[in-house]
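One line per chain: the protein sequences are A and B, in this order. Okay, so the first sequence: first residue is 1 according to the working numbering, each after it adds one. Okay, so the second sequence: first residue is 292 according to the working numbering, each after it adds one. From the three backbone atoms N, C-alpha and C, an ideal C-beta is built for every residue, glycine too. Have a look at the structure below before the remarks.
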Amino acid sequence: MGRKLLGYYELTILAFMGINILLGLSVYAILATNQLSVGNAGFMAIGAYISSFLTVQLNWPLEGALIVGALAAVLAGVVIGIPSLRLSGIYVVLATLGFGEMIRNFFNVYEPLGGPQGFRGAIGGTVGLIYFWVAICVLFLWLLGRSRLGLSFDAVKDDELVARTIGLPVTKIKVGAFMIGSFIAGIAGGLYAHYVSYIEPPNFDFVHSTIIILFVLLGGMETLWGAILGAAIFTILPEVTRFMKEWRLALYGAILVAIMILRPAGIIRKGDLKKWFRRKETPVRLQGEKT
Amino acid sequence: MSGAAGWGKENGALLSLAGVGKRFGGLEAVKDVSLEVAAGRVHGLIGPNGAGKTTVFNLISGVLPATEGSMKFAGQELNGLTPDRINTLGIARTFQNIRLFPTMTVLESVIVAQNVRTSGWDMIVPFHARKQREMRGKAEELLKVFHLGDKRHERCSALPYADQRRLEIARALATEPRLLLLDEPTAGMTAHELEEFEERVFLLGKQGLTILLIEHNMNIAMSCCHRLTVLNYGQKIAEGTPEEIQADPVVIEAYLGSPEE
Numbered sequence: 001m002g003r004k005l006l007g008y009y010e011l012t013i014l015a016f017m018g019i020n021i022l023l024g025l026s027v028y029a030i031l032a033t034n035q036l037s038v039g040n041a042g043f044m045a046i047g048a049y050i051s052s053f054l055t056v057q058l059n060w061p062l063e064g065a066l067i068v069g070a071l072a073a074v075l076a077g078v079v080i081g082i083p084s085l086r087l088s089g090i091y092v093v094l095a096t097l098g099f100g101e102m103i104r105n106f107f108n109v110y111e112p113l114g115g116p117q118g119f120r121g122a123i124g125g126t127v128g129l130i131y132f133w134v135a136i137c138v139l140f141l142w143l144l145g146r147s148r149l150g151l152s153f154d155a156v157k158d159d160e161l162v163a164r165t166i167g168l169p170v171t172k173i174k175v176g177a178f179m180i181g182s183f184i185a186g187i188a189g190g191l192y193a194h195y196v197s198y199i200e201p202p203n204f205d206f207v208h209s210t211i212i213i214l215f216v217l218l219g220g221m222e223t224l225w226g227a228i229l230g231a232a233i234f235t236i237l238p239e240v241t242r243f244m245k246e247w248r249l250a251l252y253g254a255i256l257v258a259i260m261i262l263r264p265a266g267i268i269r270k271g272d273l274k275k276w277f278r279r280k281e282t283p284v285r286l287q288g289e290k291t
Numbered sequence: 292m293s294g295a296a297g298w299g300k301e302n303g304a305l306l307s308l309a310g311v312g313k314r315f316g317g318l319e320a321v322k323d324v325s326l327e328v329a330a331g332r333v334h335g336l337i338g339p340n341g342a343g344k345t346t347v348f349n350l351i352s353g354v355l356p357a358t359e360g361s362m363k364f365a366g367q368e369l370n371g372l373t374p375d376r377i378n379t380l381g382i383a384r385t386f387q388n389i390r391l392f393p394t395m396t397v398l399e400s401v402i403v404a405q406n407v408r409t410s411g412w413d414m415i416v417p418f419h420a421r422k423q424r425e426m427r428g429k430a431e432e433l434l435k436v437f438h439l440g441d442k443r444h445e446r447c448s449a450l451p452y453a454d455q456r457r458l459e460i461a462r463a464l465a466t467e468p469r470l471l472l473l474d475e476p477t478a479g480m481t482a483h484e485l486e487e488f489e490e491r492v493f494l495l496g497k498q499g500l501t502i503l504l505i506e507h508n509m510n511i512a513m514s515c516c517h518r519l520t521v522l523n524y525g526q527k528i529a530e531g532t533p534e535e536i537q538a539d540p541v542v543i544e545a546y547l548g549s550p551e552e
């Protein structure tokens, strides 16, 4: 019997990479309308707990539980998204931060879902299922980026006031972005819970939210590929630098500073992929057919 | 004819402001301004710096709420509506300090402004779809008219100044407005560009577009506008045809200062 191509260790890293990619995309979707959410671990927690409850306590099928868990996260996304619309910049950050902590503390004190003991027993998450959802979310966001709605996101990101004066329903667009982002984070949470089978409130704390944002800042916040690359790097880096022990953290800091100096918009910027893959000088998008 | 006589609603005022005021704390930026913009005309809004012209634009376009008075567009009250709602009613504007979408391409920024009452489905269908191609074709035509056809795939922020001014107007027109608010569109233009601008305003007027124009260049104001309203210190001090305004001693004193301007 030859040894398996991927051992348990590699599979776990692969699974976490997929979940991190989803989380990176969830931040990216909200950031695409110039709103920085520091509460995505909260959305993730909602997806994780609700879906686990449904499969463990009510014996729901996993797919249905994942979707309902994600929809619960969307509901929370709307609830937090609407008041954040009145805020801007740093205040959105603070509001989402407070929200994320609120959710974590809720699960910490809510005994029916385990409270501080955590919640166990959710099973059935596989690497295949995780990447199935990665594929769906990437496809969705990719199509979105090539649609009129995607352009509306860009317009809101570039200049919200002007976006309003050309007739774009900016409020709906921003809430919509929150809904997309919280759905993806909710799915990621459900997959995480069903892969590791044991969740507890500290899994979803503020530090986790911050790390998710780093995926996007490092990889590039202008395109979804940046979020994917950032999530992949941040998953693999801790593993390959394991020999450095605590010095790893210093290395991450150095890498982050270097990236911010050399490429402030992240590793991948809008239009970079086209350039790197050497199709002729084409526009950022809309290059579909020859004129 | 003097004052607002002869420009009543029955005669086709598209936009009418009545007793409009805007107060910022203790400062009255705009005080009791009333004016009517007749459909299909080019109406100029002139006055010294700080007279409140741009504030009036911000009130009409919904960027700021008016604190007093009423603004009616084709019979519909504007005060209290959001800027996007006001735009869908048929009012588009440009900005004194050009505001483009820096990371978008020229073509993208026109497409995103297009006034389409599409279904939600059309919003999320990618650009290859037929409906989207139609819209794209329309946007490209508009850009050609503004001599931006060759630059449609460039980033807005990379355009030279004159092209940025053109693009701002093209983007506003893409929303298919009935009333276009132009805030100092000729600032910094060369003589040749001024000529082109005059021509453009003339053509747009011929197509039935109503224009409200803030203008510092008196030659342009006089040659383009059917009617002028003069503001000073937030108040209307005169209104009339360009000839009347030129001859008005109040205007000459308050605005022009010295006759040789």
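Looking at the strands, I want to know which residues DSSP matches up with residue i.
| i | result |
| --- | --- |
| V333/B | I502/B |
| Y198/A | R120/A |
| T396/B | R446/B |
| R384/B | L472/B |
| G35/A | A small correction: the amino acid at residue 35/A is Gln; Gly does not occupy that position in the sequence shown. DSSP, once it has assigned bridges, lists no residue as partnering Q35/A. |
| Q367/B | F364/B |
| V328/B | L306/B |
Give every residue of the same chain whose Cβ lies closer than 6 Å to the Cβ of residue i, excluding the five residues on either side of it in the sequence, and list them in chain order.
| i | result |
| --- | --- |
| D539/B | A529 |
| A41/A | G100, F204, H208, S209 |
| E552/B | Confidence at E552/B is low in this model, with a pLDDT of 44, below 50, so its placement is unreliable and the value that follows should be read with caution. Here the set comprises nothing. |
| R314/B | T358 |
| T96/A | S37, V38, G39 |
| A296/B | Only weak support exists for where A296/B lies, its pLDDT of 36 falling under 50; the value from the coordinates is given anyway. Nothing meets the Cβ criterion. |
What does a CB cutoff of less than 7 Å around residue i pick up in its chain, not counting 5 residues either side in sequence?
| i | result |
| --- | --- |
| K344/B | L336, G338, I505, L522 |
| F153/A | A32, T33, I173, A177 |
| V109/A | G115 |
| R332/B | T501, H517, R518 |
| K290/A | In this prediction, K290/A has a pLDDT of 40, which is less than 50 and means its spatial position is unreliable; nothing more can be read from the coordinates. |
| N370/B | P356, A357, S361, M362 |
| G150/A | L144 |
In the DSSP assignment, find the beta strand (DSSP E) that holds residue i and state where it starts and stops.
| i | result |
| --- | --- |
| M362/B | 359-364 |
| T520/B | 518-523 |
| F243/A | From DSSP, F243/A is part of no beta strand (DSSP E); its letter is neither H nor E. |
| G310/B | 304-315 |
| Q526/B | 526-531 |
Report back the beta-carbon spacing between residue i and residue j to the nearest angstrom; my notes put them in contact at under 8 Å.
| i | j | result |
| --- | --- | --- |
| R443/B | E431/B | 6 Å |
| L229/A | I267/A | 6 Å |
| G303/B | A329/B | 6 Å |
| A155/A | V56/A | Incorrect: roughly 44 Å between the Cβ atoms, too far for contact. |
| I130/A | A15/A | 5 Å |
| P264/A | R248/A | About 24 Å separates the two Cβ atoms, so there is no contact after all. |
| L439/B | D454/B | 6 Å |
| F364/B | L326/B | Actually they do not touch by this definition, with Cβ atoms about 13 Å apart. |
| G186/A | F43/A | 5 Å |
Output yes or no for whether 8 Å exceeds the beta carbon distance between residue i and residue j.
| i | j | result |
| --- | --- | --- |
| T385/B | G167/A | no |
| I543/B | L519/B | no |
| G312/B | A357/B | yes |
| G189/A | G81/A | no |
| A471/B | L500/B | The question names Ala, but residue 471/B is Leu in the sequence shown. It is a contact, given that the beta carbons lie within the stated cut-off. |
| R223/A | K157/A | The sequence shown places Thr at residue 223/A, not Arg. Not a contact, by the Cβ cut-off of 8 Å. |
| S182/A | G64/A | no |
| I402/B | I351/B | no |
| T241/A | L256/A | no |
| W133/A | L191/A | yes |
| I511/B | L485/B | yes |
| A353/B | I377/B | A small fix is needed here, since residue 353/B is Gly in this sequence, not Ala. Closer than 8 Å, so yes. |
| R491/B | S400/B | no |
| T165/A | M17/A | no |
| V324/B | Q526/B | yes |
| V175/A | E160/A | no |
| G47/A | A73/A | yes |
Ends of the alpha helix (DSSP H) at residue i?
| i | result |
| --- | --- |
| I255/A | 247-262 |
| I90/A | 90-109 |
| F234/A | 224-240 |
| T481/B | T481/B -> no alpha helix (DSSP H), and no H or E assigned at all. |
| V78/A | 62-84 |
| L350/B | 344-351 |
| D454/B | 452-465 |
| N40/A | 40-56 |
| L217/A | 206-219 |
| V162/A | 160-165 |
Less than 8 Å between C-beta atoms, sequence neighbours within five positions excluded: which residues of the same chain meet that for residue i?
| i | result |
| --- | --- |
| R457/B | F437, H438, L439 |
Check whether the Cβ of residue i sits closer than 7 Å to any heavy atom of the ligand ZN, and report yes or no.
| i | result |
| --- | --- |
| K363/B | Summarising the ligand content, the structure contains no ligands, and the ligand ZN is consequently not present. |
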